[in-house]
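Scroll down for the structure; my scribbles are underneath it.
There are 2 protein chains.
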Amino acid sequence: MIKVLVVDDEPQIARALRINLAAHGYEVTTAADGAQALRAAAAVVPDLVVLDLGLPDMDGFEVIEGLRGWSKAPILVLSGRAASAEKIAALDAGADDYVTKPFDIGELLARVRAATRRSGPGADSPVTAIGPVTVDLSAREVRRDGEEVRLTPTEWQLLEVLLRNPGKLVSQRELLHRVWGPNYDRETNYLRQYMAQLRRKLEADPARPVHLLTEPGMGYRFRP
Amino acid sequence: MIKVLVVDDEPQIARALRINLAAHGYEVTTAADGAQALRAAAAVVPDLVVLDLGLPDMDGFEVIEGLRGWSKAPILVLSGRAASAEKIAALDAGADDYVTKPFDIGELLARVRAATRRSGPGADSPVTAIGPVTVDLSAREVRRDGEEVRLTPTEWQLLEVLLRNPGKLVSQRELLHRVWGPNYDRETNYLRQYMAQLRRKLEADPARPVHLLTEPGMGYRFRP
DNA sequence: GGCACCCTTGACGCGTTCTTGACGGCCGAA
DNA sequence: TTCGGCCGTCAAGAACGCGTCAAGGGTGCC
Numbered sequence: 001m002i003k004v005l006v007v008d009d010e011p012q013i014a015r016a017l018r019i020n021l022a023a024h025g026y027e028v029t030t031a032a033d034g035a036q037a038l039r040a041a042a043a044v045v046p047d048l049v050v051l052d053l054g055l056p057d058m059d060g061f062e063v064i065e066g067l068r069g070w071s072k073a074p075i076l077v078l079s080g081r082a083a084s085a086e087k088i089a090a091l092d093a094g095a096d097d098y099v100t101k102p103f104d105i106g107e108l109l110a111r112v113r114a115a116t117r118r119s120g121p122g123a124d125s126p127v128t129a130i131g132p133v134t135v136d137l138s139a140r141e142v143r144r145d146g147e148e149v150r151l152t153p154t155e156w157q158l159l160e161v162l163l164r165n166p167g168k169l170v171s172q173r174e175l176l177h178r179v180w181g182p183n184y185d186r187e188t189n190y191l192r193q194y195m196a197q198l199r200r201k202l203e204a205d206p207a208r209p210v211h212l213l214t215e216p217g218m219g220y221r222f223r224p
Numbered sequence: 001m002i003k004v005l006v007v008d009d010e011p012q013i014a015r016a017l018r019i020n021l022a023a024h025g026y027e028v029t030t031a032a033d034g035a036q037a038l039r040a041a042a043a044v045v046p047d048l049v050v051l052d053l054g055l056p057d058m059d060g061f062e063v064i065e066g067l068r069g070w071s072k073a074p075i076l077v078l079s080g081r082a083a084s085a086e087k088i089a090a091l092d093a094g095a096d097d098y099v100t101k102p103f104d105i106g107e108l109l110a111r112v113r114a115a116t117r118r119s120g121p122g123a124d125s126p127v128t129a130i131g132p133v134t135v136d137l138s139a140r141e142v143r144r145d146g147e148e149v150r151l152t153p154t155e156w157q158l159l160e161v162l163l164r165n166p167g168k169l170v171s172q173r174e175l176l177h178r179v180w181g182p183n184y185d186r187e188t189n190y191l192r193q194y195m196a197q198l199r200r201k202l203e204a205d206p207a208r209p210v211h212l213l214t215e216p217g218m219g220y221r222f223r224p
């Protein structure tokens, strides 16, 4: 089932979208503001996001950037503003499509289909193998010798950032920003703490990690 | 270079698109009708197609289907018709986006960027070769005969400054400023120390460097 | 209220990296 | 030839970063 996250602060629009999407076989989650949206996105890992730019608590662009920090799911922006500058800014921030209100629900559904069609079958297998462990990012599932391993939300986010950059070094700054937020720069003790937990849960020998590597003074690296 | 195929039977629109796209670094091919479009697509294999639905010789939907038969390149539809039914039909036929005329050229370019962004980054990072050694700056990885070589943070910064100025002489002042900060001007012993370490790790014969060269009294130079 | 889970925070030991100083060789200038 | 400047090398203490353990505080569930 394709999971859609609807972010809109107007209850009637959110409700209309939920009903229509659900009627067409999508699994719908809704959020009424930006903070809820980011939290819900981390929890359900949607395959597509329908995002109203006019939110009460934060700028819509911040939500786009917050999502794009770790997710490649298509973002379909809804907005009352038809100005080209606004559209360009949203698209360049990472949105995939931009629809102005009032919109035709049939057209919106078609755009949702178009967006999901791309990412659906083209995506490669979302499971990653780490030695004796398999990680399924989209299903949020980790198995070790067939046994299910539980990860906390923070552990998931950290692992996801690393796994989405296989072989690449990810700086501690970037990890802190993506997992804890842009205000965290020097809390490297968080990273030490959670990397240790991930290694305990994923590595064969946590004291001698083979896949979750430390680059002293720089950051961390996931080696497939 | 990203290749774009523009299909439009109105010469002035085709010309405007060609000029604007070319000015933004795209390689543009144009076609004036459906038959030409399909032939050109087979010839140049574009990364994106901008398609006007109102063509003289065949229905625009046939062109979409003809392309979708073998290509997954994003199709951005242009049309004078704003009816939702038309949009839905085009999107469900395989189009990725639908823009109604008259359109804002800036918005169109933003949609082109959004469409190519998705399918674009399949290429991996650029590597620099230094004799038997390869350096991947974005992944922060050095390999020597396939073996991983570890560099300390300071060594990375120094190497990065040199590699980003291939063939150019970089003065000692500039190296010190970029790596250690603006307060360091005369600590040339730092440079001697770390250049020696880099040569030990990267050069085939550290005593006779071939790529990391000293220019006495001036600075250092990276020769590819 | 009690409990479990998760996130935050502090402290300590150890290995690595950075900094600093000193020595010798090479080369051009006096 | 002698001297001074510059570079490469070596060595040692200082400083830093990392892994680890442990404890406090918040939240949701029973």
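Listed in order, the protein sequences are those of chains A and B.
Read in full-length UniProt numbering, the first sequence has 78 at position 78, and its numbers run on one by one without any break.
Read in full-length UniProt numbering, the second sequence has 193 at position 193, and its numbers run on one by one without any break.
Beta carbons are placed, not taken as given, at the ideal position from N, Cα and C, and that holds for glycine.
Following the continuous beta strand (DSSP E) through residue i, name the residue where it begins and the one where it ends.
| i | result |
| --- | --- |
| glutamate 215 of chain A | 212-215 |
| glutamate 148 of chain B | 147-149 |
| valine 4 of chain B | 3-7 |
| alanine 31 of chain B | 27-31 |
| arginine 221 of chain B | 219-222 |
| arginine 143 of chain B | 141-144 |
| valine 170 of chain B | 169-171 |
Cβ of residue i within 7 Å of Cβ of residue j?
| i | j | result |
| --- | --- | --- |
| alanine 40 of chain A | leucine 67 of chain A | no |
| glutamate 107 of chain A | serine 84 of chain B | yes |
| aspartate 52 of chain B | aspartate 8 of chain B | yes |
| valine 170 of chain B | glycine 219 of chain B | yes |
| leucine 137 of chain B | leucine 198 of chain B | no |
| alanine 110 of chain B | isoleucine 88 of chain A | yes |
| phenylalanine 222 of chain B | leucine 151 of chain B | no |
| alanine 14 of chain B | threonine 29 of chain B | no |
| valine 133 of chain B | arginine 144 of chain B | yes |
| proline 224 of chain A | proline 166 of chain A | yes |
| glutamine 157 of chain A | valine 135 of chain A | no |
| valine 63 of chain A | glycine 34 of chain A | yes |
| tyrosine 194 of chain B | glutamate 155 of chain B | yes |
| lysine 201 of chain A | valine 149 of chain A | yes |
| glycine 217 of chain A | proline 153 of chain B | yes |
| leucine 91 of chain B | alanine 16 of chain A | no |
| leucine 175 of chain B | tyrosine 184 of chain B | no |
Just to confirm the assignment, what range does the alpha helix (DSSP H) spanning residue i have?
| i | result |
| --- | --- |
| valine 161 of chain B | 153-163 |
| aspartate 52 of chain B | That residue, aspartate 52 of chain B, is in no alpha helix (DSSP H); its beta strand (DSSP E) goes 48-52. |
| tyrosine 190 of chain A | 188-202 |
| glutamate 10 of chain B | Run containing glutamate 10 of chain B: none; DSSP gives neither H nor E here. |
| valine 63 of chain A | 60-68 |
| glycine 181 of chain A | Here glycine 181 of chain A belongs to no alpha helix (DSSP H), and DSSP marks it neither H nor E. |
| leucine 38 of chain B | 34-44 |
Measure the beta-carbon distance from residue i to residue j and round it to whole angstroms, keeping in mind my assumption that it falls under 8 Å.
| i | j | result |
| --- | --- | --- |
| threonine 116 of chain B | isoleucine 19 of chain B | Not really, about 18 Å apart at Cβ, beyond 8 Å. |
| arginine 118 of chain A | aspartate 96 of chain B | 7 Å |
| valine 49 of chain B | alanine 73 of chain B | 6 Å |
| alanine 37 of chain B | glutamate 65 of chain B | Rounded, the Cβ-Cβ distance is 12 Å, inconsistent with contact. |
| glutamate 203 of chain A | leucine 213 of chain A | Contact doesn't hold; Cβ gap of about 10 Å is too wide. |
Checklist entry - What are the start and end residues of each continuous beta strand (DSSP E) run of 3 or more residues lying completely inside the stretch 79-135 of chain B, in chain order? => result Here the runs fully enclosed are 97-100, 127-130.
Item to check | Contacting positions in the stretch 7-26 of chain B - beta carbon closer than 8 Å to chain A | outcome: Within the stretch 7-26 of chain B, no residue has a Cβ that lies closer than 8 Å to any Cβ of chain A.
Checklist entry - Looking at chain B, which residues of the stretch 72-85 of chain A have a Cβ within less than 7 Å of any of its Cβ atoms? => result Hits within the stretch, in order: Ser84.
Checklist entry - Looking at chain A, which residues of the stretch 28-50 of chain B have a Cβ within less than 8 Å of any of its Cβ atoms? => result The residues in question: there are none.
Checklist entry - Which residues, taken in chain order from the stretch 157-187 of chain A, show a beta carbon closer than 8 Å to some beta carbon of chain B? => result The residues in question are Gly167, Lys168, Leu169.
Checklist entry - At a Cβ cut of 9 Å, what residues of the stretch 205-222 of chain A count as close to chain B, listed as they run along the chain? => result Correct list: Glu215, Pro216, Gly217, Met218, Gly219, Arg221.
Checklist entry - Which residues, taken in chain order from the stretch 103-117 of chain A, show a beta carbon closer than 7 Å to some beta carbon of chain B? => result Cβ contacts with chain B come from Asp104, Gly106, Glu107, Ala110, Arg111, Arg113, Ala114.
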